[in-house]
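As numbered in our numbering, residues 191 to 406 make up the sequence shown, in order.
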Amino acid sequence: MKRRDLCVLGLVLAAIHPGADPKASRLAATSQRELAAAPEAPHAEPAPAAPTGQAAAEPLPAPPAPVVEPAAAPSPGVAALARVLRRSNEELSHGQASEIGAAILRHCGRRGLDADLVLAVILVESGARPSVVSPQGALGLMQVMPAHFEKLAPEVDPTHIDSNVRVGCGILARNIARHGEDRGILAYYWGDDIRGDEYLEKIRAVQARVRTRLSS
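This is how it looks when you write it as structure tokens:
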């Protein structure tokens with residue numbers, strides 16, 4: 191038992207038994223003096239509150255829901271071009287027509303050409319027949335002369351759809367860059383020895399019909 195508790199006990203006994211043992215009385219008196227002299231326990235101060243800033247913190251907003259992109263649909267450009275191609279050449283399968291349409295869009299995009307112009311050239315030159323050979327030896331959809339393939343793409347089959355459209359678009363784009371669009375179209379047929387505008391007029395007429403069909 192602690193000394194302070196003994197002092198308190200002595201006071202209690204002295205109060206209950208006034209004639210008790212003098213030793214107990216002395217213990218009680220000593221207890222009174224010690225209790226009187228004992229310093230009071232300091233009052234505990236409340237702990238300071240944690241700093242919270244100038245205002246209550248706003249709750250964080252919930253993160254946005256992830257955006258789910260829809261699956262990519264087949265290109266309507268390819269489908270529209272394929273529809274016009276099969277209307278011009280019913281012997282084309284759906285797969286062939288789509289392959290030609292995709293090649294047109296791909297190489298027009300790379301060369302900065304209009305798809306309706308290239309499709310018009312294909313329709314005028316070959317009637318959209320991938321394997322046709324002219325009496326002069328021009329080959330495939332865009333009727334490219336063998337000399338151009340030997341110079342630009344000797345490793346490819348000239349009648350392969352993508353290869354033929356790639357080389358044909360390259361020649362057409364180069365001519366337009368050199369001569370402007372109208373004379374560039376004429377140069378596609380005539381080369382540097384342009385003889386009249388009949389070919390240009392034919393291409394422009396077919397191009398106008400192609401635009402109408404693509405938009406319908």
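C-beta atoms are modelled at their ideal positions from N, C-alpha and C, and glycine is treated no differently.
Sub-8 Å separation of S316 and G330 beta-carbons: Counting from 1 along the sequence shown, the entry for residue 316 is found at position 126. Counting from 1 along the sequence shown, the entry for residue 330 is found at position 140. Yes; because the gap between Cβ atoms is below 8 Å, this pair is in contact.
Close Cβ partners of D347 (< 7 Å) along its chain, the five nearest in sequence each way excluded: On the sequence shown, position 157 is the one that residue 347 refers to. Closer than 7 Å at the Cβ level, and outside the excluded window around D347, lie S353.
Residue range of the unbroken alpha helix (DSSP H) whose run includes A395: Numbered from 1 along the sequence shown, position 205 holds the residue referred to as residue 395. Looking at the DSSP string, the run of the alpha helix (DSSP H) that includes A395 is 388-405.
Simplified DSSP assignment, three categories, for V314: For the purposes of this step, residue 314 is identified with residue 124 of the sequence shown, where counting begins at 1. DSSP places V314 in helix when its eight states are reduced to three.
Beta carbon of L271 nearer than 8 Å to that of G291: Your numbering for residue 271 matches position 81 in the sequence shown. Your numbering for residue 291 matches position 101 in the sequence shown. Yes, the pair counts as a contact, with Cβ atoms nearer than the cut-off.
Identified DSSP bridge partners for L362: Residue numbering aside, residue 362 sits at position 172 when the sequence shown is read from its first letter. Answer is none; L362 lacks a bridge partner.
6 Å Cβ shell around A262 - same chain, five flanking residues per side excluded: The residue you call residue 262 lines up with position 72 of the sequence shown. Any reading at A262 must be qualified, since the residue scores a pLDDT of 46, below 50, and its modelled position is unreliable; the value itself is stated next. None.
Reduced DSSP category for L376 - H, G, I as helix; E, B as strand; rest coil: As a first step, residue 376 must be located in the sequence shown, where it is residue number 186. If DSSP states are grouped into helix, strand and coil, L376 belongs with the helices.
Spatially closest choice to H350 from I361, N365, M332, by CA coordinates: Numbered from its first residue, the sequence shown carries residue 350 at position 160. It is M332.
Where L331 falls: helix, strand or coil (DSSP): Taking the sequence shown and counting its residues from 1, one reaches residue 331 at position 141. If DSSP states are grouped into helix, strand and coil, L331 belongs with coil.
Status (buried if at least 16 other CB within 10 Å, exposed otherwise) for C197: As a working note, residue 197 is residue 7 in the sequence shown. With a pLDDT of 48 at C197, under the threshold of 50, the modelled position of that residue is not reliable, and the figure given next carries that caveat. The residue in question, C197, is buried, as its Cβ has 16 or more Cβ neighbours within 10 Å.
Nearest residue (CA-CA) to V375, options S283, R273, L303: Taking the first residue of the sequence shown as position 1, residue 375 is located at position 185. Per the sequence shown, the amino acid found at residue 375 is Ile instead of Val. Nearest of S283, R273, L303 to I375, Cα basis: L303.
Exposed unless 16 or more other CB atoms sit within 10 angstroms - verdict on R368: Counting from 1 along the sequence shown, the entry for residue 368 is found at position 178. It is exposed - the Cβ of R368 has fewer than 16 other Cβ atoms within 10 Å.
Per-residue DSSP class, three states only, for V323: Position 133 of the sequence shown, counting from 1, holds the residue named residue 323. In the structure shown, V323 sits in a strand (DSSP, three-state: E or B).
Of the listed residues Y379, T402, H297, nearest to E391 (C-alpha basis): The residue given as residue 391 occupies position 201 in the sequence shown. It is Y379 whose Cα lies nearest to the Cα of E391.
Delimiting residues of the alpha helix (DSSP H) encompassing E340: The residue you call residue 340 lines up with position 150 of the sequence shown. Here the alpha helix (DSSP H) through E340 covers 336-342.
Distance between V357 and V334 (C-alpha atoms, nearest Å): As a working note, residue 334 is residue 144 in the sequence shown. As a working note, residue 357 is residue 167 in the sequence shown. C-alpha separation (whole angstroms): 8 Å.
From I312, G267, V322, residue whose alpha carbon lies closest to that of L295: For the purposes of this step, residue 295 is taken as the residue at position 105 of the sequence shown. Measuring from the Cα of L295, the nearest candidate turns out to be G267.
Neighbourhood of S278 by C-beta distance below 6 Å, restricted to the same chain and skipping five residues each side: Locating residue 278 in the sequence shown gives position 88, counting from the first residue. Closer than 6 Å at the Cβ level, and outside the excluded window around S278, lie L313, A318.
Cβ neighbours of A287 in the same chain (closer than 6 Å, five flanking residues each side left out): Within the sequence shown, residue 287 is the residue found at index 97, counting from 1. Only A272, L275, R276 meet the Cβ criterion.
Per-residue DSSP class, three states only, for S353: By 1-based counting over the sequence shown, the position of residue 353 is 163. S353 falls in the helix class under three-state DSSP.
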